[in-house]
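Residue numbers (the working numbering), protein chains in the order written: chain R, 214 to 585; chain W, 1026 to 1537.
Data block below; observations after.
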Amino acid sequence: METVVFENKSKNNYLETFLFVGVILTLVVGAVSLSILSGKVSNVLIFQIAGFVYGLSALMYIFQFFFKNEKIGKVGTLLAFVGWLTETVGLFVRGLESYQMGIFHPPWTNLYESLMFFPWLSVGLYLYIEKEYKTRAIGTFFMPIVAFLVIWGHKFNTDINPLVPALRSYWLYLHVLASFVGYAGFTVAFGASFAFLIKESFNKNKPTEVIHYLGFVATLLLSVIFGYLTLTGAKDIKTMFFGVIFILSLLGFAFFSVYVLKPVGKVLPSESLLSEIAFKAVAISFPIWTASIMLGGAWANEAWGSYWSWDPKETWALIVWLFFAAYIHGRTIGKWKGTTSAWIVVAGFVMLLICYFGVNLYFPGLHSYATE
Amino acid sequence: MIKKVVSFLGNVKLGVAYLIALAILSVLGSTYIKQGETYITYYKEYGEIPAKIIWITWLNNVFHAWYYQLLIVLVAIAVIFATIERFPAIYKSAYGKVEKKLPEGALKKPSTIHITYDFELKKTLDYIVNVIHRLGFRKVEAIKENENTVYLYAEKGKISRLGMLVTHVGIIVFLIGAFMGSVLGVRGQIEIPEGESADYIRKYREGSLVPGDETYKLPFTILLKKFSLEFYDSKEFAGAVKSYKSDVDIIKNGKVIKSGIIEVNKPMEVEGHRIFQTSYGKTGEIKEAKLLVFKYDELLDFMNKGMMINQKLASETDENKKKEYEKQLRDLDRQWIDFINKTPKLEYSYRNPTIKFNDFSLKVKNTTLNYKNPMLAQQDVYDPLIVAGVDFNGKNFDIPITRDPFVAIPAYDRFSKPFNFPYVILIDSFEPRYFSGLQVSYFPGTDLIWLGTVVVVLGTMLAFYTVHRRVWVKIEKREDNKTDVYLAFYSQKFKESFHEKIKEELGLNRNV
């Protein structure tokens, strides 16, 4: 009996990767310089094109889902990638335009910019996960949301404005970037967890009753009505009440959807795979989210007088952190691989939405410059 | 008994419950109910009974409420006990002794992958070693049992198992820092007009960023030497404020111990106190002004000339003559500029309110940026006025100094004429005086906060960005060109994707 150790000394072959990255970079740089030098293609137009491409991609994802057609799926992925590249160009162009105006700042400083930047990051992350797990099922839920965000974002003020003094800091790059990576990861986790819940109800063949259909329609209506009232209402206690009802009806809608969308479970990948995708997305985002809160604290310690002020954004970031910390514990040690942890992710995602939109649009605070 | 207590306090389900409870309570603290207000405010806004409810349930200051603090303490206890209870076992399973040979009992398990290759043993061995290398394992140990059987074993990412310990230690360090800050911390603000100093701050009410009634005496004095605004260098956004800063001296026992600039995003640290630039505004006074000293008669002449031409112009109908008058007006404008250039000028600054001229002296008593509506000065709408005491020929009297000659002339009749004062003084140009809003905070334990959070970030990265994995393989010769391969693996997390990857690398997905 003898023991030998084989050591891996070979280097990977990076040539192919280099070539691919080179071509992509050339394309992006070319498009950016074309748009800047011609001075005719504004960043907003580029983002609109990206939104359109994402919309097409979302359609392809939905088609491939229902017709089980691999080729359409590939087109969907390709379009998602093209949309992502278009957005890359748009982000660079927007940054350069602000530079030309003498007020340079990175393209993630107000609500419009964040609504362009966030989909960019999450599509990047999603494409990675699609490649890793070889399933397009999540994209069917995910790409329509992305397309909606990018198109809806154009409802907000698209102008490039100078930064208020407090935002002029290098922490802006790190803190905001990290936050958005976190947002993106948690969103992917939500998609996977929601798909998991549907798959589970399909596998267990939970009976769908009339009450579920009724609940589905009722909560959908309530979500739309109270969502509208909350987002457009005055900033008072009544709106806060509407907000609570809105959140509850959203959760209710998620609950009934699991029953109503049961047939969809047929084409979803296995429960354990979906559960792991959710976990992987959280695992990637959680340290970054933590870092983002810390970087925000470091920034606040230079701009706002303390590392922590219980500002609504800070508090909601902490709430999201606590939810996902609970999820991680439940998932890894508590052995809640299934339903419970999936529901914690869904609830955590609702908290995330409040942290992103609710705080900007509704709660006044130190972060309120991101309102428009 | 002790074991029972430890395992109860470190119970994961309890910990998860704490975390979610903490999250829900945090929601309460960031609702529409503004934190840190006075009882009267809630009473006025919501009425008596809701105000009482808010007060009794601490909804006015959730984050400093006893129940919130209690939960944080419980979380800390849970973290400590869970670490004590769980970590030794984790450490043992990662760093303890491992059976490197795939046990016979594992061969039949459904999770064990079994493939038969149509190669001889040597070739199969090379192939499998290559597969394991590609899976990210740097070293593969081969144990040759006999001519027909070889065992392989590989391991990576052991360090990932330390992530839990590191993260939890970080959390405790962080909580200690946060506790120190919340007990010993002081935070408040002070507005200092340019040229003045302050040695105290107005403390914020607990739970809010609004100063209350309490003050806090600083161990030093802040002297604001100069306040300045910086604007964007952009045509489109001219006048947009880019930054603002205060040039200060820090004085202790009559000596300057530190001096420098406090700017937005660039605070100054003095004896553990951090001083931040947070706001600015106009004091409503004039900082500096250039004054013009006219002879009353000359000024009156000039103005009458202008008025006459204007009157003629208004009543004239002939276009040619109108043009003529307009030209005269333009000439007059030019003459006015010459006239002003020749007029003696006085410099006023808030630092030296006494100004001397040939035969009189002025002592500025009061200034305002807008005497008609002082609030408009904050929006850059100005109507400046200076009230100055005049010392002329042994007589003392007060005069108003404005920018508008049409106000100055009637005012002359009222204030200056009785004393035979021959001059009319006008404001030529002026600068508003600013105050600088500084926030001062003293938070011991901030270093622990940074240390703790950095450790938490590193710990979570260790836990989630590295994976502890082991692979056991048994390669057994069946016939000359038939070799059996049994592969079992352990992956602390992401089992599915690892399983997929193994199958792919082994060629199972391609039906080889």
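From the three backbone atoms N, C-alpha and C, an ideal C-beta is built for every residue, glycine too.
Predicted model only: the values in this text are computed from it and were never measured.
Taking 7 Å as the limit between beta carbons, can you name the residues of its chain near residue i, skipping five residues before and five after?
i, result
"LYS969 (chain W)", "Outside the displayed span of chain W (1026 to 1537) sits residue 969 (chain W), for which this structure offers no information."
"GLU220 (chain R)", "none"
"TYR472 (chain R)", "SER414, LYS419, THR421, HIS425"
"GLY1054 (chain W)", "GLN1060, VAL1087, PHE1088"
"ILE1102 (chain W)", "LEU1034"
"LEU1324 (chain W)", "PRO1430, VAL1449"
"TYR1241 (chain W)", "VAL1211, GLY1213, TYR1225, ILE1226, LYS1228"
"VAL1295 (chain W)", "PHE1245, ILE1275, LYS1283"
Taking only beta-carbon positions, decide if residue i is within less than 8 Å of chain W.
i, result
"ILE532 (chain R)", "yes"
"MET214 (chain R)", "Legend: pLDDT at MET214 (chain R) = 48, less than 50; position of this residue unreliable, value from coordinates given subsequently. For MET214 (chain R), the answer is yes, since a Cβ of chain W falls inside 8 Å of its Cβ."
"TRP556 (chain R)", "no"
"THR528 (chain R)", "yes"
"THR503 (chain R)", "yes"
"PRO500 (chain R)", "yes"
"TYR569 (chain R)", "no"
"GLY337 (chain R)", "no"
"HIS388 (chain R)", "no"
"GLU515 (chain R)", "yes"
"ALA355 (chain R)", "Residue identity check: residue 355 (chain R) is Phe in the sequence provided, not Ala. Output row for PHE355 (chain R): interface = no."
"LYS493 (chain R)", "yes"
"MET314 (chain R)", "yes"
"MET453 (chain R)", "yes"
"GLY308 (chain R)", "no"
"PRO420 (chain R)", "no"
"MET329 (chain R)", "no"
Strictly by DSSP, which residues pair up with residue i?
i, result
"GLN1302 (chain W)", "W:LEU1463"
"GLU413 (chain R)", "Its beta-bridge partners do not exist; DSSP assigns none."
"LYS451 (chain R)", "Paired residues: none, contrary to the question."
"GLU1166 (chain W)", "R:VAL218, W:TYR1178"
"VAL1307 (chain W)", "Val is not the amino acid found at residue 1307 (chain W); the sequence shown has Lys there. Bridge partners of LYS1307 (chain W): W:TYR1459."
"MET1293 (chain W)", "W:ILE1300"
"ILE1424 (chain W)", "W:ALA1413"
"LYS1277 (chain W)", "W:LYS1280"
Mind pulling the chain W residues with CB within less than 8 Å of residue i?
i, result
"ASN323 (chain R)", "Correct list: empty, because the minimum Cβ distance to chain W is about 15 Å."
"TRP333 (chain R)", "Ordered by position in chain W, no residue passes the 8 Å Cβ test against TRP333 (chain R), which lies about 22 Å from the chain."
"ARG381 (chain R)", "LYS1267, SER1268, VAL1289, ASN1290"
"HIS318 (chain R)", "Residues of chain W passing the Cβ test: none, with the nearest at roughly 11 Å."
"GLU345 (chain R)", "SER1522"
Can you list, in chain order, the residues of its chain whose CB lies under 6 Å from that of residue i, leaving out five sequence neighbours each side?
i, result
"LEU1476 (chain W)", "VAL1198"
"THR1478 (chain W)", "PHE1199"
"ALA244 (chain R)", "VAL302"
Kindly say whether residue i, judged by its beta-carbon, lies nearer than 8 Å to any beta-carbon of chain R.
i, result
"TYR1257 (chain W)", "yes"
"ALA1101 (chain W)", "no"
"GLN1464 (chain W)", "yes"
"PHE1013 (chain W)", "Because chain W is modelled from 1026 through 1537, residue 1013 (chain W) falls outside the range shown and cannot be assessed."
"LYS1164 (chain W)", "yes"
"VAL1156 (chain W)", "no"
"PHE1033 (chain W)", "no"
Can you pull the chain R residues whose beta carbon is under 7 Å from the beta carbon of residue i, in chain order?
i, result
"MET1486 (chain W)", "PRO500"
"SER1055 (chain W)", "PRO525, THR528, TRP529, PHE576"
Given residue i, which residues of its chain have a CB within under 8 Å of its CB, disregarding the five upstream and five downstream residues?
i, result
"ASN1506 (chain W)", "ASP1143, PHE1144, GLU1145"
"LEU362 (chain R)", "LEU328, PHE331, PRO332"
"THR1485 (chain W)", "GLY1188, THR1192"
"GLU326 (chain R)", "ARG307, PRO320"
"PHE1252 (chain W)", "GLU1219, TYR1269, LYS1270, SER1271, ASP1272, TYR1305, TYR1459, PHE1460, SER1461"
"PHE317 (chain R)", "GLY308, SER311"
Using a cut-off of 8 Å between C-beta atoms, extract the partners of residue i located in chain R.
i, result
"GLN1060 (chain W)", "TRP523"
"PHE1301 (chain W)", "GLU515, ALA516, TRP517, GLY518"
"ILE1527 (chain W)", "Ordered by position in chain R, no residue passes the 8 Å Cβ test against ILE1527 (chain W), which lies about 14 Å from the chain."
What residues of chain W sit near residue i, judged by a beta carbon separation below 7 Å?
i, result
"PRO378 (chain R)", "VAL1266, LYS1267, SER1268, TYR1269, VAL1289"
"GLU220 (chain R)", "ARG1163, LYS1164"
"ILE546 (chain R)", "VAL1037"
Counting only Cβ pairs nearer than 9 Å, list the residues of chain C close to residue i.
i, result
"GLY543 (chain R)", "The structure shown contains no chain C; its protein chains are R and W."
By the criterion of Cβ-Cβ separation under 9 Å, what are the contact partners of residue i in chain R?
i, result
"VAL1052 (chain W)", "THR528, TRP529, ILE532, MET564, ILE567"
Count the CB pairs spanning the region 344-352 of chain R and the region 483-493 of chain R that are closer than 8 Å, and state whether there are at least three. Contact between the region 344-352 of chain R and the region 483-493 of chain R is established, with three or more Cβ pairs separated by less than 8 Å.
Is the region 1154-1163 of chain W close to the region 1120-1138 of chain W, with three or more CB pairs under 8 Å? Verdict: no, contact absent.
Below 8 Å, how does it come out for the region 500-511 of chain R and the region 555-566 of chain R: are there three or more Cβ pairs, yes or no? Contact between the region 500-511 of chain R and the region 555-566 of chain R is absent, because fewer than three Cβ pairs lie under 8 Å.
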